[in-house]
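Residue 16 is where the sequence shown starts when you use this note's numbering, and the numbers rise one by one after that. Below is one structure; the comments refer to it alone.
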Amino acid sequence: MELCILVEGQVYPKERLGRNSALWLKTLSLVNPQQRRRNILKMIESNDGPSGGEIIGNFGMKVDTEMTPVVGRVLKAPALKLAERGKPVREEPGRNNQWNLMKKGVTRGSVVKHWAVLDFTASERTPTPGWLTTLWACLLIVVRHLGCS
């Protein structure tokens with residue numbers, strides 16, 4: 016999951032990422048569907064996953080490891096109303112339904128009233144002590160840096 020805060024006039028901070036961070040983020044976000052399926056099944060069938068071990072069976076339940084087929088279609092990405100040098104511009108999606116957000120910001124910031132954080136990392140199943148406090152402190156730093164309260 017990704018937490019993204021957009022405020023009025025904010026420029027896309029891609030250049031702030033180091034080379035390794037940018038490559039890691041790209042690797043995470045560009046997993047092909049077959050690999051994503053294998054990753055999900057591996058997580059579900061692991062000993063501490065919902066279908067692995069014997070705990071769930073003790074409650075008379077079972078997790079089906081077959082993926083549910085869903086009929087759908089890919090929609091064209093919408094045009095965005097952004098700001099470039101203080102002037103509103105309409106950004107149409109380019110190739111692969113992606114926008115070019117370089118040197119552009121949002122035209123009007125919005126208030127997010129409710130939000131949540133979902134952690135789907137497979138590397139560590141049990142959070143370390145104090146991780147929520149650390150996360151909250153980091154989020155507050157970001158919010159203050161952006162000038163929000």
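The beta carbon of each residue, even a glycine, is placed where N, CA and C say it ideally should be. Computed from a prediction, not measured in an experiment: that's the story for all the values here.
(1) If you pair each beta-carbon of the region 100–111 with each one of the region 65–85, do three or more pairs fall below 8 Å?
(2) One question on the structure: do Leu32 and Leu40 come within less than 8 Å of each other, judged by their Cβ atoms?
(3) Could you give the uninterrupted runs of the beta strand (DSSP E) lying entirely in the region 81–117, keeping only those of 3 residues or more?
(4) Return the chain-ordered list of same chain residues with a C-beta closer than 6 Å to the C-beta of Glu17, the five sequence neighbours on each side being excluded.
(5) State whether the region 54–65 contacts the region 78–85, with contact taken as three or more CB pairs (one from each stretch) at a distance under 8 Å.
(6) Smallest Cα separation from Lys118: which of Glu106, Val126, Leu150 and His129?
(7) Is the beta carbon of Leu150 closer than 8 Å to that of Val132?
Looking at the atomic coordinates:
(1) Using a Cβ-Cβ distance cut-off of 8 Å, the region 100–111 and the region 65–85 are not in contact, since fewer than three pairs of beta carbons, one from each stretch, lie closer than that value.
(2) Residue numbering aside, residue 32 sits at position 17 when the sequence shown is read from its first letter. Residue numbering aside, residue 40 sits at position 25 when the sequence shown is read from its first letter. Yes, these two residues count as a Cβ contact at 8 Å.
(3) Counting only runs of 3 or more, we get 95–99 and 102–106.
(4) To locate residue 17, count along the sequence shown from 1; it is residue 2. Residue confidence for Glu17 is low, a pLDDT of 47 falling below 50, so the modelled location carries little weight; the figure read from the coordinates is stated next. Same-chain partners within the cutoff: there are none.
(5) Verdict: yes, contact present.
(6) For the purposes of this step, residue 118 is identified with residue 103 of the sequence shown, where counting begins at 1. Of the candidates Glu106, Val126, Leu150 and His129, the residue whose Cα lies closest to the Cα of Lys118 is Glu106.
(7) Numbered from its first residue, the sequence shown carries residue 132 at position 117. Numbered from its first residue, the sequence shown carries residue 150 at position 135. Cβ distance < 8 Å, so Val132 and Leu150 count as in contact.
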